[in-house]
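K.L.:
This structure is in structure tokens; I'll ask about it shortly.
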Amino acid sequence: MERLRTAKETVMAIVRLSDVQRDEALSALPAWALREDGRAITRELKFADFNEAFGFMARVALHADKVDHHPEWFNVYNKVAIALTTHEAGGLSQRDLDMAAFIDRLVPAA
Numbered sequence: 011m012e013r014l015r016t017a018k019e020t021v022m023a024i025v026r027l028s029d030v031q032r033d034e035a036l037s038a039l040p041a042w043a044l045r046e047d048g049r050a051i052t053r054e055l056k057f058a059d060f061n062e063a064f065g066f067m068a069r070v071a072l073h074a075d076k077v078d079h080h081p082e083w084f085n086v087y088n089k090v091a092i093a094l095t096t097h098e099a100g101g102l103s104q105r106d107l108d109m110a111a112f113i114d115r116l117v118p119a120a
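Okay, so the sequence shown: first residue is 11 according to this note's numbering, each after it adds one.
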């Protein structure tokens, strides 16, 4: 029987993507831009109104809590700016790519 990992071991298993891995993965996420420092990806969204923007944020928040990976974001009325990074890895990890893909399924690129 496989032993369950401790929280510390799980965090330590999170690995920062290499520049090559990052660039390859971003080609499949065209709505996302690499932040200037190369340690996060960003996307800005515009919705019809505040309720739609907040509803989107609520759906992402529920998923983020489930997978224990939370976005950095900013909301003003119908606009939501999102940054994804993995602090434990010191940059982008597979967790960020997975979250970006989840968000893209909710709001496909225009």
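Cβ coordinates follow ideal geometry from the N, Cα and C atoms, glycine included.
Quantities reported herein were computed from a predicted structural model and do not represent experimental measurements.
CA-CA distance, His97 and Pro81?
P.N.:
Here the question's residue 97 lines up with position 87 in the sequence shown. Here the question's residue 81 lines up with position 71 in the sequence shown. So the two alpha carbons sit approximately 11 Å from each other.
K.L.:
So, are the CB atoms of Leu55 and Ala91 less than 9 Å apart?
P.N.:
Reading the sequence shown from its first residue, position 45 is the one you call residue 55. Reading the sequence shown from its first residue, position 81 is the one you call residue 91. Yes; because the gap between Cβ atoms is below 9 Å, this pair is in contact.
K.L.:
Quick test of your reading: Ala58 and Asn88, contact by CB under 8 Å. State the CB separation rounded to the nearest angstrom.
P.N.:
Counting from one through the sequence shown, the residue named residue 58 turns up at place 48. Counting from one through the sequence shown, the residue named residue 88 turns up at place 78. Right, the Cβ-Cβ distance comes to about 7 Å (below 8 Å), so this counts as a contact.
K.L.:
Straight-line CA distance for Asp75 to Ala63?
P.N.:
One-based indexing of the sequence shown puts residue 75 at position 65. One-based indexing of the sequence shown puts residue 63 at position 53. Spanning the two alpha carbons is a distance of roughly 18 Å.
K.L.:
Going by DSSP, name the residue or residues bridged to Trp83.
P.N.:
Counting from 1 along the sequence shown, the entry for residue 83 is found at position 73. Its beta-bridge partners are Ile92.
K.L.:
Just to confirm the assignment: which complete alpha helix (DSSP H) runs, minimum length 4, are found wholly within the stretch 51 to 82?
P.N.:
60 to 77
K.L.:
Which of the three DSSP states is assigned to Leu125 in this structure?
P.N.:
Since the first and last residues shown for the chain are 11 and 120, residue 125 lies out of range.
K.L.:
Applying the criterion that 16 or more other CB atoms from any shown protein chain within 10 Å of the CB defines a buried residue, is Ser103 buried or exposed?
P.N.:
Here the question's residue 103 lines up with position 93 in the sequence shown. Buried, because 16 or more other Cβ atoms sit within 10 Å of the Cβ of Ser103.
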